[in-house]
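Shown next, in C-alpha cells, is the structure this report addresses.
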Amino acid sequence: MQTERKDGRGRATARPVDAYSKTETALPRTLEDRNAMIEEYLPLVKYIASRIAGRLPSHVEIDDLINAGVIGLIDAIEKFDPTRKIKFKTYAEFRIKGAILDELRALDWVPRSTRQKATRLERAFTELEQQLGRVASDPEVVEHMGISFDEYNQMVVEARGISLISLDELHGDSDENTERNLLELLADPSYVDPAEAINLDQVYRIVAESIDMLPEKERLVISLYYYDELTMKEIGEILEITESRVSQIHTKAILRLRGRLLKTVEL
Numbered sequence: 305m306q307t308e309r310k311d312g313r314g315r316a317t318a319r320p321v322d323a324y325s326k327t328e329t330a331l332p333r334t335l336e337d338r339n340a341m342i343e344e345y346l347p348l349v350k351y352i353a354s355r356i357a358g359r360l361p362s363h364v365e366i367d368d369l370i371n372a373g374v375i376g377l378i379d380a381i382e383k384f385d386p387t388r389k390i391k392f393k394t395y396a397e398f399r400i401k402g403a404i405l406d407e408l409r410a411l412d413w414v415p416r417s418t419r420q421k422a423t424r425l426e427r428a429f430t431e432l433e434q435q436l437g438r439v440a441s442d443p444e445v446v447e448h449m450g451i452s453f454d455e456y457n458q459m460v461v462e463a464r465g466i467s468l469i470s471l472d473e474l475h476g477d478s479d480e481n482t483e484r485n486l487l488e489l490l491a492d493p494s495y496v497d498p499a500e501a502i503n504l505d506q507v508y509r510i511v512a513e514s515i516d517m518l519p520e521k522e523r524l525v526i527s528l529y530y531y532d533e534l535t536m537k538e539i540g541e542i543l544e545i546t547e548s549r550v551s552q553i554h555t556k557a558i559l560r561l562r563g564r565l566l567k568t569v570e571l
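Written out as C-alpha cells, the structure reads:
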C-alpha cells in the first residue's frame with residue numbers, strides 16, 4: 305500500500321506505508337532474489353531521495369540521488385544480519401540515506417563560500433546563545449554578526465543545502481573498513497563497544513535537549529518534518545506560511561543544532 309505525496313518541488317512521490325512492515329528472516333540467496341528485493345524497496349529509495357532533494361538546489365538531479373540510494377539499498381541487502389534485533393527496513397533506510405549523503409559530498413555541489421557562510425551562522429548561533437543562556441532571536445543574531453537583515457536572510461537561504469545533517473559525521477575519523485557507529489548501535493546495541501554506546505547515548509540526549517531549546521516555530525517545523533514526515537509545502541499549509549519560509553525556519557533550526565552538536569564534540 306502506498307500514498308501519493310508531493311515532494312518539495314511539486315513532484316509526485318510515493319510514501320511507503322505497509323509494504324515494509326515485515327521483518328526479514330533471511331537474506332536473498334540468489335541474484336533473482338536480490339533483484340526482487342531491490343524492486344520491492346525501490347519506492348523507499350525514491351521516497352528518501354525526494355525528501356532530501358526537496359532541501360537542495362534545483363540543479364542537483366534527483367535521479368543521481370536515486371541511483372546512489374539504490375547502491376545503498378544493495379549494500380544493505382548484502383550486509384544485513386537477520387540475527388540482529390532490527391527490521392531490514394530500518395537498516396536499509398540508514399544505508400540509503402548514507403549513500404545519498406556520500407554522493408552529495410562526492411559531487412561537492414556546495415561552493416566554498418556557501419559553506420563558509422553556513423559555518424559563520426552556526427558559530428554565531430552557538431556563541432550568542434552561550435552568552436545569553438537562551439535561544440537567540442533573529443535581531444540579536446543580526447546585531448551580533450554586524451550585518452543587515454537582508455544579508456542575514458540571504459545567508460540563511462544559501463545555507464539551505466548545508467542543513468543536511470548526519471550524526472555519523474560527528475564521531476570524527478574512523479576506520480573506513482568498519483561500519484558506522486550509529487548504524488551498528490541501531491542494528492545491534494550489543495555490537496558496539498560500551499564506551500562508544502555511551503557516547504552515542506550522550507549525542508542522542510544532547511540532540512533531544514537541543515531540540516527542546518529551539519524557538520517554538522523551529523521546534524514545530526522539526527517535529528512535523530522529521531517525526532510526522534510532512535513535506536515543506538504541507539507544513540506551510542498548516543502554519544499558513546510559504547514553503548520558502550518553512551525552508552528558512554528549518555535551515556535555522558538545523559544550523560542551531562549543528563552548532564551545538566559540533567561544539568559538544570569538540571569539548
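Just add 304 to wherever you are in the sequence shown, counting from 1, and you've got our numbering. Ideal placement from N, C-alpha and C gives every residue a C-beta, glycine not left out. Being a predicted model, the structure only gives us computed values, none of them experimental.
Closest in C-alpha terms to ARG523, from the list GLN552, GLN506, THR546, comes GLN552. DSSP, reduced to helix, strand and coil, places LYS421 within a helical segment of the structure shown. Just so you know, the alpha carbons of ILE381 and ARG388 end up roughly 14 Å apart. Between GLU447 and the set ARG438, PHE429, ALA463, the nearest pair of CA atoms involves PHE429. Cβ-Cβ separation between LEU565 and VAL511: approximately 7 Å, consistent with a contact (criterion under 8 Å).
Look at the beta carbons and you see the segment 341–360 touching the segment 369–380: at least three pairs across the two are nearer than 8 Å. Exclusion of the five residues before and after GLU426 leaves LEU559, ARG562, GLY563 as the residues of its chain whose Cβ lies within less than 6 Å of its Cβ. Judged by DSSP in its simplified three-state form, ASP454 adopts helix. Contact annotation: GLU547 and GLY540 have beta-carbon atoms nearer than 8 Å. Looking only at TYR531, TYR508, PHE398, GLU433, the smallest Cα-Cα distance to ILE378 is reached by PHE398.
Residue state for LYS393 is assigned as helix, using DSSP reduced to three classes.
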